[in-house]
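Data block below; observations after.
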Amino acid sequence: MNPKHNLKQAIDSLYRHTHVNPEAYTRLVLDCVRLNDTHQAKRLQTHMDNNLFEPTTTFIHNRLLHVYANSGKLSDARNLFDKMPQRDIFTYNAMLKAYSKMGSVDDLLGLFKTIPCKDSVSYNTVIAGLGTRGCVSEALEVFVRMQKEGVEVTGYSYVSVLNACSRVLDLRRGKEVHGKVVVCGLMFSGFVCNALTDLYAKCGEVDAARWLFDRMRDKNVVSWNSMISGYLKNGLVEKCIELFSEMKLSGVKPDVVTVSNVLGAFFQMGRIGEAQKLFAEIEKKDVISWTTMIVGHVQNGKEEDSLVLFNEMLMANVKPDKFTISSVVSSCARLASLFYGQTIHGKSVHMGVEDDTLVSSALVDMYSKCGEPTEARKIFDTIHAKSTVSWNSMILGYAQNGKDLEALTLYEEMLNNGIKPDSITFVGVLSACIHEGLTERGDQYFRSMTKQHGIVPTLDHYACLINLLGRSGRVEGAFETIKGMPYKPDSLIWSTLLSVCKLNGDIEHGEMAAKQLFELEPNNAEPYITLSNMYAAKGRWKDVAAMRSVMNSNKIKKFAAFSWVELDGKVHKFVSEDRAHPESEAIYRELNRIIRKLLKAGFTPNKNLVLHDVGDDEKLESICYHSEKLALAYALMKKPEGRKTVRILKNIRVCGDCHLFMKFVSRIIGRTIILRDSNRFHHFSAGCCSCKDLW
DNA sequence: ATAGGGTTAG
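Given below as structure tokens:
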């Protein structure tokens, strides 16, 4: 029947006897090895200890050690190793294996030094262990030493050392090893050739990899996978899919690794349907293929589907790991779904992965993007070994939520803790300065990047600087910055300039920025709308009309705007002037009630923010029923009582009228509103917004 | 008498 169950029963019966003959132990330990069953191995060892059984050879203990080593049970391995009366080369090699899988590099090298009679296997194990930790020079050192000491260098040695090189993309040293492989005549070994193919592919020399691949006599599934993943890593997505077709014709059966690679290729091309079809065809779906599906959906803006997939994965009894959890957490972040985010947070705690860098920073990001910087901070404070990534997530979280001074304080704290800031850190720091209007301080931070931290500013940082200068009225300075950049300005730079021009009513520079954007992104309606609104603000209706006719003749469509709210775990989506919701009538009644209340309190809709120069009544109509207002009305209607915060999400930037509207609602109706638009967070409370009216 | 070390995917 079930071999694992049989083993358990055999060991159960062992426990009913006190005297056991050595052959029985030998038989059982071999079963433990065959099934790699650490649990039964431990029970077996306990039984031997309890009965003071002292084996005459090292064999049984060595096999137990091997089971522990192979399943990463480092402490069990170490305990057994420490109390073994005699040790031979098999003992040492098994312990080396345990360290190379789990322990520190120091432990690994420390043990290696003490081994009295190292053989080829000892060397190969250490080289492999060093390689998986990215210690290439150490791995190479051991490799050289083994040659000097006359230990036999085998295919195993070459594969391990090549793997070390490819892990850190060290092609120069990899090529030296390649030379040695040729001299030794090991080019016909499949393992060695696969490792070489992988090395060249990973290091960006796809053609060299393909050359080797084409000359391989017996390509196995790993050969194909190495080449397919090489194409994918180098962005040759079509080649990757093409080779997959060739593979199917070759008669080598694709496995779950092949499919995971090809899935990645389909997702990169947005061919989601094909990815789903391919995924459905794999019989044995593992964590990685599920996670690839989840990540692929998130990358293609299908966050809800990624959560559905996550559920299906759990139903299929595949255990998620830290990669899965961090990607579903970021799915929740992008959806700003506090409900699911908290559920998955709970799951991560249960799994014990919440302290992992990947997971914890995703959690900090999730709570921040749900407008909960205080919760984010709680997570941040529990992280044991905070990495640059952890600090970055929290600094950015504060900055996104209008807690700009907290962001800057945290940055100073980061420096005091001796953590090195990186390029991302400064995006957070600079945007905090922008919103606080700290022009001088921001400028200093910008200069400190190169001077004190050796970080080359990217276009993102220049965009922050332009924002910083522009918002303090120095549009000319912002423009000079663009001219002085070591890069060609991209659309981000020009749209940043355009937005500060709008703030300053600087039509001259605004037109210049818009003109660049028209060329860089001919289908983007944003610059047309912004420029048009700038003209409208100055009453230049002729120019407004001209903009509209250009948009019409070039068939430029506004990006569909929508907002959504999450109520009791269900997402409700609205578009402008939406009548599709089943409770539409009630929603409009509620919204009109709110509008009347606000008008009495002095709210004046800002009619200049409408693109079309239509009649005033019509303007009012189209502006009053923007999607975020409908979402707000729905949320207030469904949750009228209590002081609960209303959270609304919007896929594009909030307009000035809606912003003013929300401020009024927070004061007159007395509810806190968190509105996340495509750009940042707006916390409305008592008539004020955390963005300080700059966005 | 028995035993060990290596390649591919997020």
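Under full-length UniProt numbering, residues 1 to 695 are what the first sequence spells out, in order. In this text, a Cβ means the ideal position worked out from N, Cα and C, and glycines have one as well. Keep in mind that this is a model prediction, so the values were computed, not measured.
Handout entry: Where the alpha helix (DSSP H) containing H435 begins and where it ends
Key = From DSSP, the alpha helix (DSSP H) with H435 extends over 423–436.
Exercise for the section: Note down the Cα distance separating L309 from V298, rounded to an integer number of angstroms. Expected result: The alpha-carbon atoms of L309 and V298 are separated by roughly 11 Å.
Practice task
Report the three-state DSSP secondary structure of L7 (helix, strand or coil).
Solution key: L7 sits in a helix when the DSSP states are folded into three classes.
Problem - Sequence-distant residues of its chain with Cβ nearer than 8 Å to R334 (five each side left out) - result: In its chain, beyond the 5 residues on either side, V298, E303, K369 have a beta carbon closer than 8 Å to the beta carbon of R334.
Practice task
Consider the C-beta atom of N225 and the heavy atoms of the ligand MN; say whether any pair is separated by less than 7 Å.
Solution key: No copy of the ligand MN appears in this structure; indeed no ligand is present at all.
Problem - Strand pairing of R667, partner residues [DSSP] - result: Paired residue(s): none; R667 is not in a bridge.
Practice task
Compute the distance between the beta-carbons of H61 and M84, then report whether it is under 8 Å.
Solution key: Yes; because the gap between Cβ atoms is below 8 Å, this pair is in contact.
Handout entry: Local Cβ density within 10 Å of V456, reported as buried at 16 or more and exposed below that
Key = Under this definition V456 is an exposed residue.
Practice task
Quickly, what does DSSP pair V575 with across the bridge? List them, please.
Solution key: In the DSSP output, where bridge partners are listed per residue, V575 has F562.
Problem - Assigned exposure category for L675 - 16 Cβ within 10 Å defines buried - result: Residue burial annotation: L675 is buried, with at least 16 other C-beta atoms found within 10 angstroms of its C-beta.
Exercise for the section: May I ask which residues mark the beginning and end of the alpha helix (DSSP H) holding F90? Expected result: Segment 89–101, the alpha helix (DSSP H) holding F90.
Handout entry: Where residue 696 falls: helix, strand or coil (DSSP)
Key = An answer regarding residue 696 cannot be provided, because it is not within the stretch 1 to 695 covered by the chain.
Exercise for the section: Return the CA-CA distance between W494 and L130, expressed in angstroms with no decimal places. Expected result: The straight-line gap from Cα to Cα measures roughly 48 Å.
Exercise for the section: Pull up the distance between the alpha-carbon of G428 and that of S306, whole angstroms please. Expected result: Here the alpha carbon of G428 sits roughly 28 Å from the alpha carbon of S306.
Exercise for the section: Measure from the alpha carbon of P116 to the alpha carbon of each residue in T132, A139, Q86, Y99, then state which is nearest. Expected result: Of the candidates T132, A139, Q86, Y99, the one whose C-alpha sits nearest the C-alpha of P116 is Q86.
Handout entry: Length of the line joining the Cα atoms of V168 and V136
Key = Answer to the nearest angstrom: the Cα atoms are 7 Å apart.
Problem - C-beta atoms of A545 and E590 nearer than 8 Å - result: Between A545 and E590, the CB-CB gap reaches or exceeds 8 Å.
Problem - Buried versus exposed, by CB contacts within 10 Å (16 or more), P3 - result: P3 comes out exposed.
Exercise for the section: Measure the C-alpha to C-alpha separation of G442 and G402 and round it to an integer number of angstroms. Expected result: Those two C-alpha atoms are separated by around 16 Å.
Practice task
Using the Cα positions of H461 and S360, report the straight-line distance between them to the nearest angstrom.
Solution key: Using only the alpha carbons, I get a separation of about 25 Å.
Practice task
Round the Cβ separation of L28 and I11 to the nearest angstrom and send it over; I've been treating them as touching at under 8 Å.
Solution key: Confirmed, Cβ separation roughly 6 Å.
Handout entry: Simplified DSSP assignment, three categories, for R676
Key = In the structure shown, R676 sits in a strand (DSSP, three-state: E or B).
Exercise for the section: For T291, collect the residues of the same chain with a Cβ closer than 7 Å to its Cβ; drop the 5 residues on either side in sequence, then sort them by chain order. Expected result: Counting only Cβ-Cβ distances below 7 Å, and skipping sequence neighbours, we find F323, T324, S327.
Problem - Whole-angstrom C-beta distance between P421 and H384, which should lie under 8 Å - result: Contact doesn't hold; Cβ gap of about 20 Å is too wide.
Exercise for the section: Grab me the residues of T26's own chain with a C-beta within less than 8 Å of its C-beta, minus the 5 sequence neighbours each way, in chain order. Expected result: The beta carbon of T26 lies closer than 8 Å to those of F59, I60 in the same chain, with the five residues before and after it left out.
Problem - Presumed contact (8 Å Cβ cut-off) between L498 and G510, rounded CB distance - result: Indeed, because the Cβ distance is near 6 Å, the residues count as touching under 8 Å.
Problem - Cross-strand partners of V646 (DSSP beta bridge) - result: Answer is I673, bridged to V646.
Exercise for the section: Kindly indicate which three-state DSSP category H682 falls into: helix, strand or coil? Expected result: H682: strand per DSSP, three-state reduction.
Handout entry: Cβ-Cβ distance between P373 and Y398 below 8 Å
Key = For the pair P373 and Y398, the CB atoms are nearer than the 8 Å cut-off.
Exercise for the section: Consult DSSP for C691 and reduce its assignment to one of helix, strand or coil. Expected result: It is coil, neither helix nor strand.
Practice task
On a CA-only basis, which of I89, M534, S690 is nearest E508? Give me that one, please.
Solution key: Here the closest residue by C-alpha is M534.
Exercise for the section: Could you check the C-alpha separation between N523 and K650 for me, to the nearest Å? Expected result: Cα atoms of N523 and K650: separation of roughly 21 Å, rounded to the nearest angstrom.
Problem - For L186, three-class secondary structure by DSSP - result: In this structure, L186 counts as coil in the three-state DSSP scheme.
Practice task
Taking only runs that begin and end inside the segment 491–566, name each unbroken alpha helix (DSSP H) of 4 or more residues, in chain order.
Solution key: Within the segment 491–566, the complete alpha helix (DSSP H) segments at least 4 residues long are 491–504, 507–520, 526–537, 541–553, listed from N- to C-terminus.
Exercise for the section: On a CA-only basis, which of M216, K219, F244, R217 is nearest I228? Give me that one, please. Expected result: The shortest C-alpha to C-alpha distance from I228 to any of M216, K219, F244, R217 is the one to F244.
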